[in-house]
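Mapping of the sequence shown onto my numbering: position 189 corresponds to residue 190, and the numbering continues sequentially without gaps.
Single-structure report; data block below.
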Amino acid sequence: MNCSENACFQYICTNIRGLQNYPSKLLEAAVNEFSRLPGVGRKTALRLVLNMLRRPISETERFADAILRLRQDIRYCQVCQNISESEVCSICSDKKRDATQVMVVEDIRDVLAVENTSQYRGLYHVLGGILSPVDGVGPEQLNIQKLVDRVASGEVKEVIMALSTTMEGDTTVFYIFKKLHSFHVPVTTIARGVAIGGEIEYADEVTLGRSILNRTPYDNAFTR
Ligand SMILES: [Zn+2]
């Protein structure tokens, strides 16, 4: 048996073990459900289920209740499309925040990431993805029109684009820039450059080039 045959044999063995008969249909059903989650294979699912069986039933009840309530009660903010428990999220309804700044992000995880910096006091607009024709994501699938409507309302004085620095991200920024052009509201992008703690010689040319173009006064770079 050569190397590739051995790999194939190992693969089949693994799958045969994966199709094993579980001693209980209930166990199998739970494993099936857990393994539907992203990044969770059947082995991990079985480990999680067995772990749950070893814990007090009250913990499982809390777990199930949290998941069910998440699914039933959570909604999306009517203004920014962030996750919310009410029609308008806690960020949009916070009067201490600057409603004239709107940061455009791809999804809710980006809101969390920016909030964790404690450097931004404006509002957000969650697109729900970025333009990707290959994946069938066009402008209609994203919350772009709602952003245009927000800007058209006149309260927004700056739109800050904070999307991925990929071709799809850049395409989305350009598309939105064109859509907002007639409103004469400044559209900015977050800076792109050398990472904190990064060494210049290891930065790729595009990143280093952008860093030079987006250079900032020395005072600003360290005092904010
Ligand atoms: Zn909101």
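Where is the CB? At the ideal position from N, CA and C, for every residue including glycine.
Three-state secondary structure (DSSP) of residue i
{"i": "residue 182", "result": "helix"}
{"i": "residue 95", "result": "coil"}
{"i": "residue 202", "result": "helix"}
{"i": "residue 23", "result": "coil"}
{"i": "residue 79", "result": "coil"}
{"i": "residue 174", "result": "helix"}
{"i": "residue 41", "result": "coil"}
{"i": "residue 154", "result": "coil"}
{"i": "residue 149", "result": "helix"}
{"i": "residue 1", "result": "In the structure as shown, the chain starts at 2 and stops at 225, and residue 1 therefore has no counterpart that could be examined."}
{"i": "residue 197", "result": "coil"}
{"i": "residue 208", "result": "helix"}
{"i": "residue 216", "result": "coil"}
{"i": "residue 138", "result": "strand"}
{"i": "residue 229", "result": "Because the chain here runs from 2 to 225, residue 229 falls outside it and cannot be looked at."}
{"i": "residue 103", "result": "strand"}
{"i": "residue 225", "result": "Bear in mind that the predicted position of residue 225 carries a pLDDT of just 49, short of 50, making it too unreliable to give a figure here."}
{"i": "residue 54", "result": "helix"}
Any non-hydrogen atom of ligand 1 within 6 Å of residue i CB
{"i": "residue 144", "result": "no"}
{"i": "residue 83", "result": "yes"}
{"i": "residue 80", "result": "yes"}
Beta-carbon separation (whole angstroms), residue i vs residue j, contact threshold 8 Å
{"i": "residue 173", "j": "residue 131", "result": "4 Å"}
{"i": "residue 208", "j": "residue 195", "result": "6 Å"}
{"i": "residue 83", "j": "residue 112", "result": "6 Å"}
{"i": "residue 50", "j": "residue 35", "result": "6 Å"}
{"i": "residue 152", "j": "residue 186", "result": "5 Å"}
{"i": "residue 69", "j": "residue 100", "result": "About 34 Å separates the two Cβ atoms, so there is no contact after all."}
{"i": "residue 193", "j": "residue 217", "result": "In fact, because the Cβ distance is near 12 Å, the residues do not count as touching under 8 Å."}
{"i": "residue 108", "j": "residue 129", "result": "7 Å"}
{"i": "residue 159", "j": "residue 120", "result": "15 Å between Cβ atoms; not a contact."}
Limits of the unbroken alpha helix (DSSP H) element including residue i
{"i": "residue 113", "result": "109-118"}
{"i": "residue 160", "result": "First-last for residue 160: 159-162, but that is the beta strand (DSSP E), not the alpha helix (DSSP H)."}
Unbroken beta strand (DSSP E) run spanning residue i, endpoints
{"i": "residue 124", "result": "123-127"}
{"i": "residue 61", "result": "Segment 58-74 is the alpha helix (DSSP H) holding residue 61; no beta strand (DSSP E) there."}
{"i": "residue 189", "result": "188-190"}
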